[in-house]
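> What follows is a structure written as structure tokens; I'll ask about it next.
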Amino acid sequence: MPDGYDATYARWRQDPEGYWLQAAGGIDWSAPPARAFDPGQGVYGRWFPDARLNICHNAIDRHVAAGRGGQPALIWDSPLAGAKSRLTYAELLDRTARLAGAMAARGVGAGDRVVIYMPMVPEAAIAMLACARLGAVHSVVFGGFAAAELAARITDAEPRLVLSASCGIEPGRVVKYKPLLDAALALSPHRVGACLVLQRETWRCELEPGRGEDMEAAMAAAAPHPCVEVAATDPLYILYTSGTTGKPKGILRDCGGYAVALHHSIGLLYGLGAGDVSWTASDVGWVVGHSYIVYGPLLAGCTSVIYEGKPVGTPDAGAFWRVCAEHGVKVLFTAPTALRAIKKEDPEGRLLAGHDLSKLEALFLAGERCDPDTALWAERLLRRPVVDHWWQTETGWCITGNFRGAGLFPMRAGSGGKPAPGYVVEALDEGGKPVPPGRIGSLAIRLPLPPACLPGLYRAEARFREAYLETFPGHYNTGDAGMVDEDGYVWVMSRTDDIINVAGHRLSTGAMEEVLASHPDVAECAVVGVRDSLKGQAPLGLVVLKAGVDKAEAVLARELVALVRERIGPVAAFKEARVVARLPKTRSGKILRATLRKLADGDEFAVPPTIDDPAILEEIGAVLKEARPVA
Numbered sequence: 012m013p014d015g016y017d018a019t020y021a022r023w024r025q026d027p028e029g030y031w032l033q034a035a036g037g038i039d040w041s042a043p044p045a046r047a048f049d050p051g052q053g054v055y056g057r058w059f060p061d062a063r064l065n066i067c068h069n070a071i072d073r074h075v076a077a078g079r080g081g082q083p084a085l086i087w088d089s090p091l092a093g094a095k096s097r098l099t100y101a102e103l104l105d106r107t108a109r110l111a112g113a114m115a116a117r118g119v120g121a122g123d124r125v126v127i128y129m130p131m132v133p134e135a136a137i138a139m140l141a142c143a144r145l146g147a148v149h150s151v152v153f154g155g156f157a158a159a160e161l162a163a164r165i166t167d168a169e170p171r172l173v174l175s176a177s178c179g180i181e182p183g184r185v186v187k188y189k190p191l192l193d194a195a196l197a198l199s200p201h202r203v204g205a206c207l208v209l210q211r212e213t214w215r216c217e218l219e220p221g222r223g224e225d226m227e228a229a230m231a232a233a234a235p236h237p238c239v240e241v242a243a244t245d246p247l248y249i250l251y252t253s254g255t256t257g258k259p260k261g262i263l264r265d266c267g268g269y270a271v272a273l274h275h276s277i278g279l280l281y282g283l284g285a286g287d288v289s290w291t292a293s294d295v296g297w298v299v300g301h302s303y304i305v306y307g308p309l310l311a312g313c314t315s316v317i318y319e320g321k322p323v324g325t326p327d328a329g330a331f332w333r334v335c336a337e338h339g340v341k342v343l344f345t346a347p348t349a350l351r352a353i354k355k356e357d358p359e360g361r362l363l364a365g366h367d368l369s370k371l372e373a374l375f376l377a378g379e380r381c382d383p384d385t386a387l388w389a390e391r392l393l394r395r396p397v398v399d400h401w402w403q404t405e406t407g408w409c410i411t412g413n414f415r416g417a418g419l420f421p422m423r424a425g426s427g428g429k430p431a432p433g434y435v436v437e438a439l440d441e442g443g444k445p446v447p448p449g450r451i452g453s454l455a456i457r458l459p460l461p462p463a464c465l466p467g468l469y470r471a472e473a474r475f476r477e478a479y480l481e482t483f484p485g486h487y488n489t490g491d492a493g494m495v496d497e498d499g500y501v502w503v504m505s506r507t508d509d510i511i512n513v514a515g516h517r518l519s520t521g522a523m524e525e526v527l528a529s530h531p532d533v534a535e536c537a538v539v540g541v542r543d544s545l546k547g548q549a550p551l552g553l554v555v556l557k558a559g560v561d562k563a564e565a566v567l568a569r570e571l572v573a574l575v576r577e578r579i580g581p582v583a584a585f586k587e588a589r590v591v592a593r594l595p596k597t598r599s600g601k602i603l604r605a606t607l608r609k610l611a612d613g614d615e616f617a618v619p620p621t622i623d624d625p626a627i628l629e630e631i632g633a634v635l636k637e638a639r640p641v642a
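Residues 12 to 642 in the working numbering are what the sequence shown lists, from first letter to last.
Shown next as structure tokens:
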């Protein structure tokens, strides 16, 4: 019987080095670590500094060597392409080794950067693993990103090679990647050595000499390449996030700490093991896809589902339940926004009928805070544990959660759970002092950060220190605001920038969103602080209604104002709510609150490159220009 959460966390607190060295036993090393952590290396220390390994060997080769080559490694399910396929571990090994051979033949070696610009197809995962096999550093750019954004990442990473595809598929349209890639290469001053392009039958592009080669042909002609041994502290990938300065931030991830933490988390957090089917409904362009579509499940010998589709509209709001039933998914991990989209279209869960979910054991949520109403709706519908857990691109795995491998503790709707081993989370005031339990502060993590967390930014140490370490000395600043209650549960309320100041009162927009989301007519919502000549800022609520709701906007606004007044009090000064058809989101499902705030204030703003559909901003802008409802 495994230790419970309290005993597991205490064991880490008592002996952090021993804890992580024991976890490192789940990984194959060419040179095992003699020590877990060296505080003298890097900005705040480095994990497994004397060890060597190859993460691709751990994700594929060792499972084949152990006799499980016939087990499915990847299941591809694409309602957009109208296709499905499976790759066994043995087949994945062959294709990965051949792509690595094709890349090596074009000059890619250990330490070289490779940009991957691909849709949700198995070859995207194969591309990542082939880079890892060579010791090369991959940088995945979300497929379909605009040429200028792709060019910025090519310029910063300076890749030797680009791996791409002819196109991606979105509901109702085909996104032609090759012309976007050609434009990006023309915009960037960096000259890329070669491009390998996966030709998709949906749209095949022309491949001109010197501007692209057929990936499948290159793989067929290549000799399989063996794994290249690298240091645990060598970089595995760069993942760019949009920076506040306009220059993307390249989050670095190392090989050894990432392998150990992800392998450990698959069992401890998700309760999965070799042979289990895991589905993370995200995209390989985001950190969730890196960690729990590709590396985490494969390190643990699981079967991972790659889904090219949407939670609704491909064909309907029952799509997720169909995939879970058809492929025997044990744990589903998605974003709260996907659940809200399903709830909006099918609030009674009628499309769940007819799908056998007997193998589904738990639902995990992350990406942004899940409002309690949505979490409780999912729990009632599925009759299974629903775990909201909190993490960031920078950490690579969860900061807080609930831990199936240690026996679940009672969840509290709206909380992201308790800290994972390796993290000490504190809510701090502006002076860096801990605030009392239950009080909102800036959430920070005591240094050192655990394995898998970023050791720095790519070629930007000063920016790393300024962005994350200087605000609260001795801590990593998460940029999130929230509280830690008396029982150790962590509540992430909003980004620090989304704490608004109303007549001198610091208020969380997340707390107001929680109240609005509890209204029976509301599918999803966002609250932003807009400029107010009297109070400095005033909260504005934007709500999307559930399918079939027919209610006058003024009536709904009065109900929502009364609800906030009842639950939070007059201090919230919540007096305005508007109905919109949809909210602007990134492709990973995060609501673009900072953009909404500028839109409401009438400030100039750049359309975020990560936005799912820029036309939404015009729709909301038109709503905000109309006369405000009487509330």
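Glycine included, C-beta positions come from ideal geometry on N, C-alpha and C.
Leaving out five residues before and five after residue 213 in sequence, what residues of the same chain have Cβ atoms less than 7 Å from its Cβ?
Here the set comprises 92, 178, 180, 185.
> By Cβ distance below 7 Å, which residues in the same chain neighbour residue 229 in space, the five residues on each side in sequence not counted?
Once the five neighbours on either side are set aside, the close Cβ partners of residue 229 are 113, 207.
> Nearest to residue 75 by CA position, among 310, 247, 120, is which residue?
If we check each option's Cα against that of residue 75, 310 comes out closest.
> Does DSSP put residue 184 in a helix, a strand or coil?
Of the three classes helix, strand and coil, the one that applies to residue 184 here is strand, per DSSP.
> Along the chain, where does the beta strand (DSSP E) that runs through residue 375 open and close?
Run containing residue 375: 373-376, per the beta strand (DSSP E) assignment.
> With 8 Å as the threshold, decide whether the Cβ of residue 434 is near any Cβ in chain D.
Absent from the structure: chain D. Only one protein chain is present.
> Tell me whether the beta-carbon of residue 572 lies closer than 8 Å to the beta-carbon of residue 562.
No; because the gap between Cβ atoms is not below 8 Å, this pair is not in contact.
> Thinking just about the alpha-carbon of each residue, which of 409, 392, 348, 350 is nearest to the one in residue 368?
The shortest C-alpha separation from residue 368 is found at 392.
> Taking the Cβ atom as the reference point for each residue, do residue 490 and residue 451 lie within a distance shorter than 8 Å?
No, the Cβ-Cβ distance between residue 490 and residue 451 is not below 8 Å.
> When we look at the beta-carbon of residue 95 and count the other beta-carbons within 10 Å, is it buried (16 or more) or exposed?
Exposed: under 16 other Cβ atoms inside 10 Å.
> Just curious, the alpha helix (DSSP H) that residue 536 is in, first and last residue?
Premise fails: residue 536 lies in the beta strand (DSSP E), 533-543, not in any alpha helix (DSSP H).
> Am I right that residue 280 and residue 415 are in contact with their C-beta atoms under 8 Å? What's the rounded C-beta distance?
Yes, residue 280 and residue 415 are in contact; Cβ-Cβ is about 7 Å, under 8 Å.
> Give me the residue from 431, 239, 162 with the minimum Cα distance to residue 121.
Nearest option by C-alpha distance: 239.
> For residue 364, does the count of other Cβ atoms within 10 angstroms reach 16, so buried, or fall short, so exposed?
Exposed, by the Cβ-count rule.
> Going by the beta-carbon positions, is the gap between residue 305 and residue 139 smaller than 8 Å?
Closer than 8 Å, so yes.
> Write down every uninterrupted run of the alpha helix (DSSP H) in the stretch 61-103 whose length is 4 residues or greater and which is fully enclosed by it, in chain order.
Whole alpha helix (DSSP H) segments, 4+ residues: zero.
> Counting Cβ pairs, one atom from each stretch, are 3 or more of them under 8 Å apart for the stretch 334-348 and the stretch 376-393?
In short, these stretches touch, since the Cβ pair count reaches three.
> Helix, strand or coil: how does DSSP classify residue 25 here?
Helix at residue 25.
> Can you tell me which residues form a DSSP beta bridge with residue 555?
For residue 555, which the question treats as bridged, DSSP gives the partners 535.
> Quick check on this structure: which residue in 300, 528, 307, 90 has the alpha carbon closest to the alpha carbon of residue 267?
Residue 307 is the option with its Cα nearest to residue 267.
> Rounded to whole angstroms, what is the Cα-Cα separation between residue 144 and residue 27?
Cα to Cα, the separation comes out at about 30 Å.
> Determine the DSSP secondary structure at residue 52, reduced to helix, strand or coil.
Here residue 52 sits in coil by DSSP.
> I'd like the list of long-range same chain contacts for residue 256, defined as Cβ closer than 7 Å, with 5 residues on each side in sequence excluded.
With a pLDDT of 45 at residue 256, under the threshold of 50, the predicted position of this residue should be treated as unreliable, though the coordinate-derived value follows. Taken in chain order, the list of residues that qualify is empty.
> Quick one: complete beta strand (DSSP E) runs, 3+ long, within the stretch 388-471?
You should have 397-399, 409-412, 436-439, 452-457.
> Have a look at 553, 260, 483, 551 and flag the residue whose alpha-carbon is nearest the alpha-carbon of residue 474.
Taking only the C-alpha atoms, the option nearest residue 474 is 260.
> Whose C-alpha, out of 133, 299, 535, 470, is nearest the C-alpha of residue 354?
Residue 535 is the option with its Cα nearest to residue 354.
> DSSP beta-bridge partners for residue 585?
Residue 585 pairs with nothing; no bridge assigned.
> Which class does residue 622 belong to by DSSP, given the choice of helix, strand or coil?
The answer is strand: DSSP assigns residue 622 an E or B state.
> Evaluate residue 435 with the Cβ neighbour count: other Cβ atoms within 10 Å of its Cβ, from every protein chain shown; 16 or more gives buried, anything less gives exposed.
Exposed.
> For a test of the three-state rule: what should DSSP assign to residue 314, helix, strand or coil?
In the structure shown, residue 314 sits in a strand (DSSP, three-state: E or B).
> So for residue 368, helix, strand or coil by DSSP?
Coil, per DSSP.
> May I ask you to report which of helix, strand or coil DSSP gives residue 179?
It is a strand residue.
> Kindly indicate the opening and closing residues of the alpha helix (DSSP H) around residue 567.
Here the alpha helix (DSSP H) through residue 567 covers 564-578.
> CA-CA distance, residue 80 and residue 356?
Between residue 80 and residue 356, the C-alpha separation is close to 41 Å.
> In this structure, does DSSP put residue 114 in helix, strand or coil?
In this structure, residue 114 counts as helix in the three-state DSSP scheme.
> For the pair the stretch 479-488 and the stretch 278-296, tell me if three or more CB-CB distances fall below 8 Å.
At 8 Å Cβ cutoff, the stretches do not touch.
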